[in-house]
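First residue of the sequence shown: 32, per this note's numbering; consecutive thereafter.
Note sheet for the following structure.
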Amino acid sequence: MRGLFLCLSEQGHIVFCSGRVWYNASMSETFTTASIADTLSSLRTKREGLTSDQVRRRGSESMPNQLPAKKRLSGIQILLEQFKSILIYILLGAAVVTFLLGDHLDAYVILAAVAVNVVVGFIQEFRAQRALEQLREVVTHYAVVRRDGKRMQVDARSIVRGDVVILNAGDTVPADMRLSDVSELLINEASLTGESAPIAKTVEPLRSAVLVAEQKNMAFMGTTVVNGSGEGVVTAIGSETQLGNIATLISETEQEPTPLQQKLVGLGKLLGYVILAAAAVIFGIGLILGYELRETFATAVALAVAAIPEGMAVVVTVTLAIGMQRILKQRALVRKLVAAETLGSTTVICTDKTGTLTEGEMHVVRIITYNDEFDTHGVAGAGDAENVPAQSYFTALQIGVLASEAYIENPEAAVEHRTVVGMPTERALILLASQAGMNLEQIRKEHERLDVIPFSSEYKYMASLNRDPEHGMTINIKGAPEVLLHAAKKVDLDGTEQVLDKSKREKLRHQYQQLSSQGLRLLALGYKRVSKKTETIREDESVLEDMVLVGFAVIKDPLRADAAQTIKRCIAAGIRPVMLTGDHRLTARAIAEEIGLPHAEENVIEGAEFAKLSREELMQRIEKISVYARVTPADKLRIIDAWQEKGEVVAMTGDGVNDAPALKAADIGVALGSGTDVAKETADMVLLKNHFSTIVGAVEQGRIIYDNIKKAILFLLSDSFTLMILVVASLFFQWPLPLLAAQILWINLVTDSFPSIGLTLEPGEKDIMKQPPIPRKQPIIDNQMKWLIGLVSLLTGLLLLGVFYFVWNNTDSIERARTITFVAAAFTTLLYSFSYRSIRHYIWQSNPFANRYLLLGILAGTLFQLPVVYFPAFQSIFKTVSLSATDWLIALPTGVAAIIIIEIVKLIFNSKRLRSS
Ligand code: ATP
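Set out below in structure tokens:
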């Protein structure tokens with residue numbers, strides 16, 4: 032190891048550290064060189080695991096198995112963040128200059144405006160921060176342990192030193208452990224050592240202490256099992272683990288700024304500089320025209336403040352965070368801010384079938400052997416005199432038990448209360464076997480497993496090498512019917528093996544195809560006797576060769592009640608649903624038909640055919656294909672790539688280790704909550720409720736987020752530019768300033784800041800899922816928005832100037848004219864915020880009370896406006912006079928005029944949209 036040196040870890044251990052990666056020499060080295068027996072005894076545990084009592088005691092003596100939480104941003108830090116804005120610097124500078132110029136009251140007003148602005152910004156960011164934190168806390172990791180001699184699934188935080196943990200492909204290692212058993216166990220330790228190639232693990236003691244990266248008989252917390260399985264005893268938990276020692280490097284998802292945030296920060300800055308330059312020019316012109324220095328300076332500052340849209344970037348952060356919280360309420364966890372932003376643009380959703388479109392709760396409804404067919408409904412073993420299953424039935428079930436990983440967590444409980452843990456397909460088999468009265472533990476004990484080829488959707492079978500009291504050694508196999516039928520040479524007829532001739536083979540093929548085309552899932556079961564000396568098996572063609580087929584398990588996985596409805600919704604929203612399944616073509620097709628996906632011959636493709644398609648052929652066909660059957664995770668990458676090349680934004684679901692690359696490549700990688708840790712950690716979004724409708728619901732929220740960002744920006748920019756036009760136009764006519772600097776500041780930073788928050792919380796428009804997806808490249812400020820901002824600010828700016836001129840001319844009271852303009856300006860924006868609740872729908876089409884946050888915002892705005900006009904103390908600061916009730920009505924015409932113009936622009940753009948669609 033290059034450049035290795037000694038450092039002191041956070042826990043005070045001496046550690047080696049090289050660049051980013053630290054290696055703790057103190058903890059694991061004693062275990063790496065010790066035998067398994069010594070390790071077990073030094074940790075006072077056994078291979079069967081700890082007892083519940085021991086776990087309880089050890090748990091109370093140590094901290095939970097958790098990494099030290101990342102320090103959250105404190106309130107003070109969030110507050111200080113608010114001062115990192117160009118606007119605040121301008122204001123503070125202006126306050127100082129104003130103070131030096133002797134205008135103390137104005138300086139205080141500026142400071143008050145800064146204070147209010149900082150507080151509003153603080154509240155928004157604090158909410159966003161807490162919302163994001165809450166999202167992080169949702170993820171719970173589970174681990175499989177052996178306690179009291181039984182396997183069970185537990186919350187990984189409850190693991191203690193001495194626990195025996197079982198690892199399987201896809202798991203994140205829950206603590207540091209000394210491995211005691213491995214079967215082709217490969218672990219990716221990149222999160223710890225930076226080494227990206229997976230490490231093959233062993234169990235033998237090492238001859239001498241070595242660095243973490245070379246500790247082959249250890250598994251470390253936070254690393255991921257990419258292949259095989261294993262077992263080990265926990266040597267360190269929580270902050271004592273290697274990962275705990277490098278807590279600062281924990282691969283927590285950093286919320287990087289999204290493209291939209293970056294764009295808006297950039298746009299905000301650009302506008303800021305342009306406006307500053309404009310303000311400087313106006314200051315110069317004002318001086319040349321002979322205006323008083325103090326007043327001109329104040330105007331220039333007010334102008335800059337009025338026009339700089341400082342709230343823009345915050346609006347995006349807040350809307351994204353709140354949107355993520357809303358998605359969480361629908362049981363999906365968005366792990367990356369950028370996903371919240373992209374969701375609304377999703378145009379293709381590729382989804383697995385099992386668990387999302389179907390319930391994922393499988394039941395074996397029939398066992399078919401060559402001569403018999405057993406309806407398993409209500410079968411409780413041999414007790415039923417009418418329906419006594421033949422020997423092959425039990426042989427088939429026994430294969431199912433031996434060639435499965437699933438297990439019963441509480442075998443002592445009554446049948447109906449037993450909990451089966453494992454893959455749905457295997458759970459169905461185990462449940463049936465246990466209902467049929469078979470003693471699974473005894474069967475597994477009598478048929479000790481020597482080796483296993485785990486199930487993989489690539490080769491579509493699982494094989495287990497077991498000792499066999501009667502036949503010496505047997506490989507028990509279960510898998511896709513066509514795979515096993517192809518390899519089988521014989522068939523089992525109640526204990527006698529018969530050659531599987533052509534007609535028998537045809538009969539079986541016909542049987543499984545017929546059942547598949549009813550949407551049922553089929554699993555073939557078979558065995559192969561092998562020499563007593565066989566100790567290992569490997570995945571290659573010879574494993575299945577000459578096997579004996581026993582029968583089929585027919586499994587039903589009911590469709591989710593809302594699957595067809597959601598597919599319809601998806602299509603109406605301009606999104607292409609695509610189903611991917613490892614199941615048989617006929618099963619897939621029957622299901623596609625039931626849920627309303629295109630299912631003609633050209634719409635369905637099978638893995639083997641897909642593999643043969645050239646890139647050109649794929650590009651030609653991709654838009655037609657709605658169903659992929661017998662596909663493997665590797666195929667997913669090609670599918671994503673082809674769609675993306677067509678310019679589509681692709682969401683893809685996945686759950687296994689092999690799905691990780693596809694989840695990464697997709698624009699929105701969606702991991703099933705029931706999936707492996709690896710899938711969850713790679714994904715952009717994790718489904719806590721594995722429904723297809725949850726994905727579509729998240730897309731809907733994505734669209735709402737985007738819409739709300741637009742609405743708030745529209746409001747902020749219209750507001751800013753209105754005030755700027757008012758000031759610039761008055762200079763142009765060489766009239767006195769229609770609003771004083773303090774008044775502009777108040778409107779911009781106080782009164783109108785509340786409704787913009789309200790707009791970010793709009794509930795979403797009813798027909799949002801009847802609109803096409805949001806084009807990804809579409810600029811956030813589109814043409815319609817430009818027109819709206821331009822026309823609204825021009826019109827209201829000039830109307831307000833008219834109001835000012837009218838009152839000034841008729842009453843000759845500049846204070847009165849300014850106060851009325853002040854009130855009118857504030858209320859115009861408050862009023863037209865109702866029109867901005869939708870960019871497509873007219874104001875009369877939506878319920879004005881639907882968004883109580885906006886109503887509260889308007890109320891808050893009004894409440895902040897009143898004292899400035901009526902309280903004598905404020906009157907002297909803001910140079911305002913008390914107004915009569917009718918004076919307030921002057922705000923109405925400008926507000927109504929603004930609303931009319933907004934609605935006209937909507938009308939024009941709506942008819943344009945109609946024409947183009
Ligand atoms: P989907 O992709 O819709 O979720 P799936 O998960 O059922 O479908 P796979 O798990 O790849 O797809 O299964 C493909 C086929 O392999 C199944 O139709 C079944 O015949 C067989 N199979 C599924 N699970 C197992 C298993 N645990 N052991 C052996 N064979 C299995």
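We put the CB at the ideal spot given by N, CA and C, even for glycine.
**Request:** For G678, count neighbouring Cβ atoms within 10 angstroms of its own Cβ and tell me buried if that reaches 16, exposed if not.
**Result:** For the purposes of this step, residue 678 is identified with residue 647 of the sequence shown, where counting begins at 1. It is exposed - the Cβ of G678 has fewer than 16 other Cβ atoms within 10 Å.
**Nearest to Q422 (by Cα), restricted to the options F405, L274, H478 and I670** = Counted from its first residue, the sequence shown places residue 422 at position 391. For Q422, the nearest C-alpha among the options comes from F405.
**Request:** Express the C-alpha separation of T129 and L274 in angstroms, rounding to a whole number.
**Result:** By one-based count along the sequence shown, residue 274 stands at place 243. By one-based count along the sequence shown, residue 129 stands at place 98. Looking at the two C-alpha atoms, the distance is approximately 55 angstroms.
**Request:** Determine the closest residue to S83 out of I430, M183, L334 and A693, with distance taken between C-alpha atoms.
**Result:** Translated into positions along the sequence shown, residue 83 becomes position 52. Of I430, M183, L334 and A693, the residue nearest in Cα terms is M183.
**Item:** Nearest-angstrom Cα separation, counted from A856 out to L938
**Value:** Your numbering for residue 938 matches position 907 in the sequence shown. Your numbering for residue 856 matches position 825 in the sequence shown. Linking L938 to A856 through their CA atoms gives a straight-line distance of about 25 angstroms.
**Asked** Is the CB-CB distance between F835 and P924 below 7 angstroms?
**Response** Counted from its first residue, the sequence shown places residue 835 at position 804. Counted from its first residue, the sequence shown places residue 924 at position 893. At least 7 angstroms separates the beta-carbon of F835 from that of P924.
**Message:** For the beta strand (DSSP E) containing V379, name the first residue and the last one.
**Reply:** Counting from one through the sequence shown, the residue named residue 379 turns up at place 348. It spans V379 to D383 - the beta strand (DSSP E) in which V379 sits, taken as one unbroken run.
**Message:** Rounded to the nearest angstrom, what separates V432 and Q292 at their Cα positions?
**Reply:** The count along the sequence shown starts at 1 and reaches residue 432 at position 401. The count along the sequence shown starts at 1 and reaches residue 292 at position 261. Distance between the alpha carbons of V432 and Q292: 54 angstroms.
**Asked** Is any heavy atom in the ligand ATP found nearer than 6 angstroms to the beta carbon of T385?
**Response** Position 354 of the sequence shown, counted from the first residue, corresponds to residue 385. Proximity of the beta carbon of T385 to the ligand ATP is indicated: a heavy atom of the ligand is located closer than 6 angstroms.
**Message:** Can you tell me whether G454 sits near the ligand ATP, meaning its C-beta is under 6 angstroms from at least one heavy atom of the ligand?
**Reply:** The residue you call residue 454 lines up with position 423 of the sequence shown. The question names Gly, yet the displayed sequence has Met at residue 454. At least one heavy atom of the ligand ATP sits closer than 6 angstroms to the Cβ of M454.
**Burial state of L861, where buried means 16 or more other Cβ atoms lie within 10 Å** = Counting from one through the sequence shown, the residue named residue 861 turns up at place 830. Buried is the call here.
**Message:** I'd like the list of long-range same chain contacts for S282, defined as Cβ closer than 7 angstroms, with 5 residues on each side in sequence excluded.
**Reply:** Residue mapping note: residue 282 aligns to position 251 of the sequence shown, counting from 1. Bear in mind that the predicted position of S282 carries a pLDDT of just 39, short of 50, making it unreliable; the figure below should be weighed with that in mind. Within the same chain, Cβ atoms closer than 7 angstroms to the Cβ of S282 are found at S222, the five residues on either side in sequence being excluded.
**Request:** Provide the residue(s) that pair with H394 in DSSP beta bridges, ordered along the chain.
**Result:** Working through the sequence shown from its first residue, we reach residue 394 at position 363. According to DSSP, which records beta bridges pairwise, H394 is partnered with K587.
**Request:** Would you kindly check if the distance between the Cβ of T618 and the Cβ of G685 is under 7 angstroms?
**Result:** As a working mapping, residue 685 is identified with position 654 in the sequence shown. As a working mapping, residue 618 is identified with position 587 in the sequence shown. The beta carbons of G685 and T618 sit no closer together than 7 angstroms.
**Prompt:** How would you label R764, buried or exposed, when you count the other beta carbons within 10 angstroms and need 16 or more for buried?
**Reply:** In the sequence shown, residue 764 corresponds to position 733, counting from 1. Strictly speaking, residue 764 in this sequence is Phe, with Arg absent from that position. With fewer than 16 Cβ atoms within 10 Å of its Cβ, F764 is classed as exposed.
**Request:** Give me the Cα-Cα distance between E41 and S270, rounded to the nearest whole angstrom.
**Result:** As a position in the sequence shown, residue 41 is number 10, starting the count at 1. As a position in the sequence shown, residue 270 is number 239, starting the count at 1. Low local confidence applies: a pLDDT of 36 at E41 is under 50, so the model's placement there is unreliable, with the coordinate-based value given in what follows. So the alpha carbons of these two residues sit roughly 9 angstroms apart.
**Prompt:** Between V452 and Y438, what straight-line distance do the alpha-carbon atoms span, to the nearest angstrom?
**Reply:** Locating residue 452 in the sequence shown gives position 421, counting from the first residue. Locating residue 438 in the sequence shown gives position 407, counting from the first residue. Distance between the alpha carbons of V452 and Y438: 6 angstroms.
**Exposed unless 16 or more other CB atoms sit within 10 angstroms - verdict on Y322** = Here residue 322 is taken as the residue at index 291 of the sequence shown, counted from 1. Buried, since its Cβ has 16 or more Cβ neighbours within 10 Å.
**Prompt:** Is DSSP giving Y438 helix, strand or coil here?
**Reply:** Residue numbering aside, residue 438 sits at position 407 when the sequence shown is read from its first letter. Strand, per DSSP.
**Request:** Spell out the partners DSSP gives A555 in its beta bridges.
**Result:** Numbered from its first residue, the sequence shown carries residue 555 at position 524. G510 and F583, per the DSSP bridge assignment.
**Message:** Based on DSSP bridge pairs, tell me the residues matched to L718.
**Reply:** In the sequence shown, the residue the question calls residue 718 occupies position 687. Beta-bridge pairing links L718 to A363 and L703.
**Message:** Quick check for students: name the residue ranges of the alpha helix (DSSP H) that lie wholly in the stretch 85-129, counting only runs of 4 or more.
**Reply:** Here the runs fully enclosed are 106-112.
**Request:** Using three-state DSSP, classify E372 as helix, strand or coil.
**Result:** Against the sequence shown, residue 372 aligns to sequence position 341. Helix.
**Message:** Following a CB-centred definition, is F723 positioned closer than 6 angstroms to any heavy atom of the ligand ATP?
**Reply:** Mapped onto the sequence shown, residue 723 falls at position 692. No.
**Prompt:** Taking DSSP as the reference, what is the three-state secondary structure of M800?
**Reply:** The residue given as residue 800 occupies position 769 in the sequence shown. Helix, per DSSP.
**Request:** Say yes only if the C-beta of E457 is nearer than 6 angstroms to one or more non-hydrogen atoms of the ligand ATP, and no if none qualify.
**Result:** In the sequence shown, residue 457 corresponds to position 426, counting from 1. In this structure, the ligand ATP has a non-hydrogen atom nearer than 6 angstroms to the beta-carbon of E457.
**Asked** Which same chain residues, not among the five before or five after V365, have their C-beta less than 6 angstroms away from its C-beta?
**Response** Position 334 of the sequence shown, counting from 1, holds the residue named residue 365. Only M355, I358, A371 and M716 meet the Cβ criterion.
**For T387, the three-state DSSP class (helix, strand or coil)** = Counting from one through the sequence shown, the residue named residue 387 turns up at place 356. Correct three-state label for T387: coil.
**Endpoints, the beta strand (DSSP E) within which G259 is located** = Taking the first residue of the sequence shown as 1, we reach residue 259 at position 228. T255 to A267 is the extent of the beta strand (DSSP E) around G259.
**Message:** As a quick exercise: from N248, R158, S548 and V727, pick the residue whose alpha carbon is nearest that of S376.
**Reply:** Here residue 376 corresponds to residue number 345 of the sequence shown, with the count starting at 1. When N248, R158, S548 and V727 are compared, the shortest CA-CA separation from S376 is found for V727.
**Item:** Every unbroken beta strand (DSSP E) within the stretch 158-242, with a cutoff of 3 residues, ordered by chain
**Value:** Within the stretch 158-242, the complete beta strand (DSSP E) runs of at least 3 residues are 173-178, 181-186, 195-199 and 207-219.
**Message:** the ligand ATP and D614: does the residue's C-beta get closer than 6 angstroms to at least one heavy atom of that ligand?
**Reply:** Mapped onto the sequence shown, residue 614 falls at position 583. Yes, since a heavy atom of the ligand ATP falls inside the 6 angstroms radius drawn around the Cβ of D614.
**Any 3 or more C-beta pairs closer than 8 angstroms across the stretch 389-402 and the stretch 580-590** = Touching, per the Cβ criterion.
**Request:** State buried or exposed for Y950, treating a residue as buried only when at least 16 other CB atoms are found within 10 Å of its CB.
**Result:** Here the chain has residues from 32 to 948 only, and residue 950 is not among them.
**Message:** Under 6 angstroms: does the beta carbon of A693 sit that close to some heavy atom of the ligand ATP?
**Reply:** Translated into the one-based positions of the sequence shown, residue 693 becomes position 662. The closest heavy atom of the ligand ATP lies 6 angstroms or more from the beta carbon of A693.
**Message:** At a cut-off of 6 angstroms, would you count L554 as near the ligand ATP, judging by its Cβ distance to the nearest heavy atom?
**Reply:** Your numbering for residue 554 matches position 523 in the sequence shown. A heavy atom of the ligand ATP is found nearer than 6 angstroms to the CB of L554.
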